[in-house]
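Single-structure report; data block below.
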Amino acid sequence: ADPIFVGHLVDYTGPTSDVGKPYGQGVADALAWINKNGGIAGQPLKFETVDYSYNAPRAIATYKKWVGTDKAVAVQGWGTADTEALVGFVANDKVPNFSASYSGHLTDAAGKGPKGTKPAPYNFFYGPSYTDGCRALVQWAAADAKKKNVDKPKFVHLGDNHPYPNAPKEGCAAYATEMGFQVMPPIQYSLKPGDFKAQCLSLKDSGAHYAFLANTGGSTISLLKSCDTVGVSTQFLANVWGMDENALRGAGDSADGVMFVVGGADWKSDAAGMKTVREISKVSDASGSEYRPVHYMRGICSAFYMRDAMVAAARMSGGVNGPNIKAAMEQFKNHVPAELQGVCIPSTWTAEDHRGTTKVFIYRANSKGGQQSISMAGEAEIPRKPEWLGW
Amino acid sequence: MQSETTPILQARDISLRFGGVQALTEVGFEVRPGELFSIIGPNGAGKTSMLNCISGRYSPTSGSVLFKGRDITRLTPNQRATLGLGRTFQNLALFGHMSVLDNIMVGRHHLLKNNFLTGGLYWFGGAQREELEHRRHVEDIIDFLEISHIRKSVAGTLSYGLRKRVELARAIAVRPDLILLDEPMAGMNLEEKEDMARYIVDLNEEWGMTVIMIEHDMGVVMDISHRVIVLDFGRKIADGLPAEIMDNEHVKRAYLGVDDDEAA
Amino acid sequence: MPEAVLEHPEPVDAGPKPAAKPPILTVNNIEVVYDDVILVLRGVSLSVPEGEIVALLGPNGAGKSTTLKAISGLLRTENGEVTRGNVNFMGEEIANLAPEEIVRRGIFQVMEGRRIIEDMTVIENLRLGAYTRRDNGVKRDLDMVFDFFPRLRERTGLAGYLSGGEQQMLAISRALMARPKMILLDEPSMGLSPLLVKEVFDIIRQLNRELGITMLLVEQNARMALKASSYGYIMESGKIVLDGAQQDLINNEDVKEFYLGGGGSERKSFKNLKSYKRRKRWL
Amino acid sequence: MAGPSASLIPCGQYKTDYRRDSTIFPTPMSRGFAIAAVLLLCLAPLKIGGTELLSPYQLNMLIQIGYYGIAALGLNILVGFTGQISLGHAAFFGFGAFASAWLSNSLGVPVFWAIPLAGLLTTLVGMLFGLPAARIKGLYLAIATFAAQFILEDFFSRADWFTGGSAGTIAQPFSIFGYELSGDRHFFYVVLAYVVVLYLFGANLLRTRDGRAFVAVRDHYLSAEIMGINLTRYRVLSFGIAAFYAGVGGALFGHYLSFVSAESFTILLSIQFLGMIIIGGLGSVMGTLMGTAFMVLLPEAVQAMSQSVGNVFPALTEGLAFLKEGAIGLAIVLFLIFEPDGLAHRWKMIKAYWKLYPFSY
Amino acid sequence: MNTDLLTQLLVNGVIIGTLYGVVAMCFVLIYKSTQIVNFAQGEFLLIGAWTCWWLLTSMEVPFWLGFPLTLAFMAVFGVLLQVIVLRPLIGEPIISVIMVTVGLSIFFQAMMKWMFGVWAKPFPEVFGTKSINVLGLNVQTPYILSMGVSLVIMVGFAWFFKFSRFGLAMRATAFNQQVAQSLGISVKSVFAMAWAISAVVSALAGVVVGMVNGVSQALSFFGIKVFPAVILGGLDSIIGAIVGGLIIGVLENLAEFVDSQYLNWGNLYSVAPFYALIVILMVKPYGLFGTKQIERI
Ligand SMILES: Nc1ncnc2c1ncn2[C@@H]1O[C@H](COP(=O)(O)OP(=O)(O)OP(=O)(O)O)[C@@H](O)[C@H]1O
Ligand SMILES: Nc1ncnc2c1ncn2[C@@H]1O[C@H](COP(=O)(O)OP(=O)(O)OP(=O)(O)O)[C@@H](O)[C@H]1O
Ligand SMILES: CC(C)C[C@H](N)C(=O)O
Ligand SMILES: [Mg+2]
Ligand SMILES: [Mg+2]
C-alpha cells in the first residue's frame, strides 16, 4: 500500500533544541515503532524529519513543500510561532497539525472562544495547554501562600517576547488576579541562555513571591543561576518546557524547589504503558540504557493519538486523509492509546473544543548537594470553562 | 601676461594652524587669468597646505580665498569643483580600482546631469546620449595626454608616471578655469618631465587654463612659469618673475642651496 | 608605455660584470610575474660590489621598483613572484627567503613613496627600524640619526603629519637604525626640494663613506644618481639595456640625451618642447 | 603594458564607436549568452508533456536565489561599490517584507503595487540609518549598521500594528489584474522579472555618473570630493539604493512565503548576505548572483551530503544537525581561503584562460 | 526612586562590564595588529570554558593544573588557527578575512554543540567561599577575582603596545603589512602572537563566566556584546576597550532599571547599548579613544 506521508518538524539546533531534542526523538521513535508494528492498518507511514531551528518562516516553507510536493496528510509540529502562523494554512489545506505547541489559542477549533481567537479547526496537541499548566501552578501557589500565611502574594510572569512564552501570559495573569494574587508587570528574558542578573535584580526588587518561568529549560538554567547569585528568594514555577531532568542537572542546586508542569508519565513511572515506551526508546537506543526526559513521553503520546485517529480514518470513506483524521480525533473521549495506559493522560476532543486534557501533573525539582531528582507534588484538574476556550 | 583683468584667484592673509604647527602665516597672493603660477619652497613650507586651502580640503584659520572675485572660503570642496577648480595631488589619489577612462569620467561629474534614476534607466532617460557625449570630451583629453593605450587599464596597476598623467587628465576633465598641480613631475625621469612640461604649457596656452603649480624641479619652474612665489616656514618670502626669484638671496639660502642649480 | 622604435637591434649584454671589488649582491637573470600573469621583469641581471653605490635608472614602469622588491622579498605581499633566476647575497641564495630573513641578513629597502608609519611618532618609527637588532646601541644610533637629520629631532608628533621631505628623511633614517650592510633606495629624492635633494645625496654618500653601507639606488634624478655612484644600470621594459661604470655612462650619448638632458651640448628649455618628440629606445 | 582587464577582450574585437565600447556586455557573445539564459529560465517552470522540467524543489531554489539575489545586489552596491560595510542588510530585507505585507493587509494596496512601494518605504528607512555614514566611516560605520540590525529587529518584535509583533503576520499572495500568481510556477516569473529589471538597472546605474561616484567615494573619498562629488549625498544615497533592493527582495520573499516574522531577519541573514557578495565578488554585478546561488545551494548540498554520511556512519546521526551547521561554516572558510576574490574573479580568469588559449601565459 | 536597586544594578554593571572590557581588549588586540574584526571572539570564550570544564570534570584534573593547561591549549589553538586558517589570507581584502571569522564562528559553535551538547553544564566548585557581599549584592568570588585579573591584564596590554618592541611591531603590522615586512618584522609571528594572546585571555574570561553561570553556548554572546564596547571605546584603543566595556555593562543595567521601574518594555536591557552606540558615534565618530584616521592629501 502507498505510504502515508507525515511531516515532522523539529528543533535540534535552534534556541529550543534543549527540549526539542527529546521531544522530537520521542515522536520519531514512535513513528518508526508504529511502522514496525503494522503501520496504519497495513499502510506504512513515511515521515520526513526537518530541523527548522525554531525559525518559523523556515517551518512554513517546509510545510508548503510537504503539502505541495509530498501530499502530506498530517504534520507533527513543534513551535508556537510556526504552529500559530500555520493555523490558516492547515485549515485551508485540511492537514491536521499535531503540534508541540500547547498554546491555548490552538484549542479554539471553531473560533467561538470569547477572546476572539481565530478558528483553529485542524490544530491538535496532546497535553494540558500552557495556560492551564500555569493555572495549575497558580492553584498550587495559592495553596502554598495560604500555608505560609502570605496575604495578597505577588505573582510575575517571566519570559521572552515570543509567541511561546507569551501564550499563557494574559490568561494566567487573569486567573492569578482572580485567585487573589497581585500580578506584577512581566519581566522579559531571552530564550537564548545568557547572563540574567539584571533581570533577577529587578525580580528581587519587585518582591514577587511566585514567578512563572515561561521559557524553555536552557534559558531557565541561566535565569535560576543568575537569580541564585544575586540572592533571589522567589518561588519559581516553570512551564511544561521550562524544567526537566536535563535542566535540573544544568542548574544544580539553584533549581531546588522549582515547581513545574508535567503532562504525562516520567521515565521512572511504573505505569503499564511504560513497557511500550521502553520498547519505543530502543528504536534510537538499542542498549535500552538511556534515560529519557519527560518530553520524550509526550512526544510518543502525540504520535500515538495521531496513529489512533489515522487508524479510525482508514475505516472511513476517503481513507486516511486530513478531514477524516480530524473527524476521528474529535470523536475521542477520555481516550488513551491502547499500548500507553498510564503514560498519556486520557484526552477528549470535540469539534469545538480542542483542549485534549485539562489535567496537570505538578512536579518538584529537588537538588541538594549533588543529589537530584524530580518528584510528583500533586495534580490539578482545571475546569473546562467555556470562557477559557482559546485562552 | 600683464593684463589688468581682475585676478582669478586671490588668497588674502591666509593662516592655518594644526595644533601646535603653524603651517601658514598670513600668506597672500593673487593669480591673474591665464597665468602659469608656481609655488616653491622647502619641504614642509606649507605649499600643499596652501593648495588645500584653495581647493577646500582645509579651511584656513583666518584669511579668505576669492575665486573669480567670489569669496569661496566657506564652500565645500565639491562646490568649488563646480565653480571651475581642478587639482592633482602630491601623493597619488586616483581611484585605484577604476579604469583610466572611468577615473577621467569622474572628473566630468559636475557637468553630467544624469542621476541614479536616469542612469539606471540608461536607454530611456537620455543618460546614454549624455554619457557618450562626455565620453567624446574625455577622449580628447586622453589623446592630448597620450594615454589612449591604457584607457581601459585599471588605474591602480599603472606605473607611477602614468598614474600622474591620468591624474592630470582627471583634473582637466573637470573643465577647470584654474587648475592646481601639486608636484606634477615628482618621481619622473627627464623625458617624462619634458612631456609633462609640454602638457602643462599646452594646457595653459592652448586650453587657456590658469595654472598654479607646486614643483621642486627648478629647471621646469624657471622655464615655464610666469610668476613664482616662495614659501618658507609658512610665510611668503618672495614673489616675482622666475629670474628675480633665482637671484633672491633669501631663496637661495632657504631653498636652492648655495651652489649651482645642479640638483635640478 | 610609449611605442618603441627598435634602433639597437642587439640588446646590450647585461650579464653581471666583473667589478673592482667582489660583489656583495648578484642578481642572476630573474624573471618576475605579478598576479600569475603579468610578466614584468624579463631576465634581469646585475651585481653590486661591496661598499659601493650602484645606480639603477630607467623610465617609469621599467621595473626598477620591482627589481628592488624582488631582492628584498617584498614582492610576495603584492602577489608577485620570482619565477626564474636567483639572487645571491654574500654568497647565499636569498630569492626565496621571507622578507624579515632578508632584513636580518642585512638588506634593508627604503620603499618608494616613503611608507613611514603615519600613526606612530618619529621616535617610534625609528625604533621600529631597529626592530631586528638585539644589541643595545639603539639609543646611540638614534642620536647619530638625529645628527644626520637634525630637523627630525624637533618633530615629536605623529609621522603622518610630516611634510613630504621630512617623511623621506625619516624613511632613510629608519633604514639606518637597522644598521644594514646594504640599503636598497627607491627614489629617495622624489618630492624633495633642491636643497634637500643635495642634502640627501650628500648623506647617502656620507653614509656610504663613513659607515661603509653598500647601496643600490633607484633614481629618476639620473644626474645626481650617477654622480653618487660608481656603476650604473639602465633598465627599460623589464630588461637591463645598458650598464657601465660611472664615467662611461655619463659620457654615453644616449644616456646624455634621455637621462641627463641635452645631447652633450646645452640643456634645453622645458618651454620649447612643443613639437619635439623623441621616440628612440634601446630594446 | 596591457593591464589584466584589457586582455579580456578577445583579439580581433575592435571597438568602432563609443557606444559599442560602453555596453554592459563586452562582446556580442556575452550579450547573446545573457539573453539566452533569461529565455531558458523562462522555460524553467513549464511542464513539457506532463513532466516538469524542474522539480518544485529546484524551482524553489531558483526563486530563493532570485529574491536573495536582488537584495544582495543592493548590498553589493553599498559594500562592493561604495565601500561601506553593512551588517544590517537583513533588517532592511525584513522591513521590506513587513512593509509590503502591511501595505496589502492593512491598507488594501494590491500586492502588485505593494512590492515596489515597500521598496520605497525601505529606502527611506535605509537612508535614515545611513545618515550616520555622513560622519562615520569604515568599521565604525559597519558596526553602526550592526546596531541598526538589532534596533530594527527589536522594532519588528514590538510594532504590533505593523509587523504583528513577535508572532509575525500573514502576507497575501501575488496578484495582477485580479489574477492570482501564487504557486511557485507562477511566482517564478514575478521574481524573474524583478531580477532582470533590477539587475539591468543596477548594471546601468553603475556605469553612469552616480555609479562612478560610488566607486570614487570608495576608492578615494578625499579626491572624490575635490572632483565635485558630494560625499554625504552619495554615502546616504547608496544606503538608500541598497535598502530599496533589500526592500523589494524582502517583499518578494514575504509574498512568496505568505508569512513574515522577525526571525527570518536576524544578524545571521545579514552575514549571509555579506557572504553572498564576498563569495560572488565584491563590486561585481553578475558575481552577486553567483554568490547568492552559492549561499542558497550550500546548505542544500551539505544537507544531501550529511544525509549520506549519516547513512554510512549511523553513529554520526546524533550530531548530524551540528555537522551540517559546522560544514556550512567550514565551507565558507575554505572557499575564502582558496578563492578570496570571489566567484566572479575566478570566472574572469577562466574566461581569460580560454580566450588566450593556448597562449595562456 | 529606588536607589537600592539602582546601586545593585550599577555594581552588577561594573562587574559584568570589566568582563566585557577584557574580551573587548582581546578583540582590539587582534584588530590592532591584524586589522581583522574577529567575529569568533565569543567562541574563544566558549572553547576555553568547555576545555577547562572537560579537564576538570571528565578528566578530573585539579583546578590549579587544569586551568593553566587550558590556557596553554588556547595559546596553541590561537596559533594554529592563525597558521592554518588566517595565514593563507594575508594580503587578501579585509572583508574576506572578516567573513572567514564569521565562518569560523559558525563552525566552532556547531562543533561545541556537537561535542558538549546544547545544555548548560555546571562548573565544579573551585573556591571555598562562593560569594561575598558588595553593597548589598552577592558577588561571586570568581567575578571579584576576574576584576583583579582584568585590571592586571589591562595595565599589561597598555604597556605592551606603547613600549615593548613587539607591541610596536604589532602596530606597524596593523598599519601596513608590507611596510612591516620591509622593517624586518615577521608578519606571521606577529599575527600568531596576537591570536594566541587573544585566545588565552578570552579563555580566561570564559572560565570565569563559566564558573558563575555554568558553561553553555551562551558564552558566545560575549562576542556580540563586544562590538558596542569596542566601538564606544574606539576600535584601536586598549583603554577604550576597557572603558567601553564598563560603559556597556553599566548602561545595560541602567536600562534595566529604567525599564523595570518606569517603562516596562521588557527588553530595553538588550537594545539600549545599540542606541547608545549610534548616539555616541554621531558625536565622536572614532569612539571615545579611537585614533582619528589621518586624512592628508
Ligand atoms: N592635516 C595636518 N595636520 C597636522 N599638521 C599638518 C597637516 N597638514 C600639514 N601639516 C603640517 O604643516 C606643515 C606644512 O605641510 P605641507 O604639506 O603643506 O608642506 P609642503 O610645503 O607641501 O611640503 P612638501 O614639499 O614636502 O610637500 C608641515 O609641517 C606638516 O607637518
Ligand atoms: N602589484 C602589481 N601588480 C601588477 N602589476 C604591477 C604591480 N606592481 C607593478 N606592476 C607593473 O610592473 C611594471 C613595473 O613597475 P615598477 O613599479 O617596478 O616600475 P618602476 O620602474 O619602479 O617605475 P617608476 O619609476 O614609475 O616607479 C609596471 O608596468 C607596473 O604596472
Ligand atoms: C518552546 C518549545 C519547547 C516549543 C514549544 N512547543 C512552543 O510552543 O514553541
Ligand atoms: Mg607638499
Ligand atoms: Mg618605482
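Protein chains in written order, with the numbering used here: chain A, 1406 to 1796; chain B, 1301 to 1564; chain C, 554 to 836; chain D, 65 to 425; chain E, 2 to 298. Idealized CB from N, CA, C, for every residue including glycine. Since we're looking at a predicted model, the values are computed, not measured.
Residue i at chain A interface by Cβ criterion, 8 Å
i, result
"Glu327/D", "yes"
"Phe323/D", "yes"
"Asn177/E", "no"
Residue i beta carbon near ligand 5 (any heavy atom closer than 7 Å)
i, result
"Lys617/C", "yes"
Contacts of residue i in chain E (Cβ-Cβ under 9 Å)
i, result
"Pro1591/A", "Asn265, Gly267"
Residue i: contacting residues in chain D (beta-carbon distance under 8 Å)
i, result
"Ala230/E", "The contacting residues do not exist; Ala230/E stays about 10 Å from chain D at best."
"Phe1337/B", "Here the premise fails: no neighbours, minimum Cβ distance about 19 Å."
Residue i CB to nearest heavy atom of ligand 1 below 7 Å
i, result
"Ser726/C", "no"
Closer than 8 Å to chain E by CB, residue i
i, result
"Val656/C", "yes"
"Arg199/D", "yes"
"Asp589/C", "no"
Contact list for residue i against chain C, beta-carbon separation under 7 Å
i, result
"Gln1322/B", "Those within 7 Å of Gln1322/B in chain C number zero; the least Cβ separation is about 13 Å."
Same chain, Cβ closer than 6 Å to residue i, five either side skipped, listed in chain order
i, result
"Arg758/C", "Ala781"
Nonlocal neighbours in the same chain, by C-beta distance under 8 Å from residue i, ignoring five residues either side
i, result
"Leu136/E", "Thr8, Gln9, Val12"
"Val1637/A", "Cys1605, Leu1608, Lys1609"
"Glu257/E", "Leu10, Leu269, Tyr270"
Cβ of residue i within 8 Å of any chain D Cβ
i, result
"Ala1393/B", "yes"
"Thr1474/A", "yes"
"Tyr276/E", "yes"
"Ile1465/A", "yes"
Residues near residue i in its chain [Cβ-Cβ closer than 7 Å; skip 5 each side]
i, result
"Val127/E", "Phe64, Met212"
"Pro125/E", "Leu57, Thr58"
Contact with chain B by residue i, beta-carbon distance below 8 Å
i, result
"His409/D", "no"
"Gly405/D", "One point to set straight first is that residue 405/D is Asp, not Gly, in the sequence displayed. False, the Cβ-Cβ gap to chain B never drops below 8 Å."
"Val61/D", "Only positions 65 to 425 of chain D appear in this structure, which leaves residue 61/D out of reach."
CB contact check: residue i to chain C, cutoff 8 Å
i, result
"Pro1342/B", "yes"
"Ser34/E", "no"
"Ile1314/B", "no"
Chain-ordered neighbours of residue i on chain B, where CB pairs are closer than 7 Å
i, result
"Phe823/C", "Glu1494, Ala1497, Gly1519, Val1520, Asp1523, Ile1524"
Residue i: contacting residues in chain B (beta-carbon distance under 8 Å)
i, result
"Asp283/D", "Leu1394, Phe1395, Gly1396, His1397, Met1398"
Cross-chain neighbours of residue i in chain B, by beta carbon under 9 Å
i, result
"Pro612/C", "Ser1459, Gly1461, Met1488, Asn1489, Glu1491, Glu1492"
Closer than 7 Å: residue i CB and nearest ligand 2 heavy atom
i, result
"Ile17/E", "no"
"Gln1459/B", "Per the sequence shown, the amino acid found at residue 1459/B is Ser instead of Gln. Result yes, Cβ under 7 Å from ligand 2."
Partner residues on chain A for residue i, Cβ-Cβ distance less than 8 Å
i, result
"Tyr121/D", "Lys1470, Thr1474"
Partner residues on chain D for residue i, Cβ-Cβ distance less than 7 Å
i, result
"Lys114/E", "Phe386"
Identify every run of the beta strand (DSSP E) within the segment 779 to 812 of chain C, keeping only runs that are complete inside it and at least 3 residues long; order them along the chain. 784 to 789, 792 to 798
Of all the beta strand (DSSP E) runs that stay within the bounds of the segment 1539 to 1571 of chain A, which reach a length of 3 or more residues? 1559 to 1564
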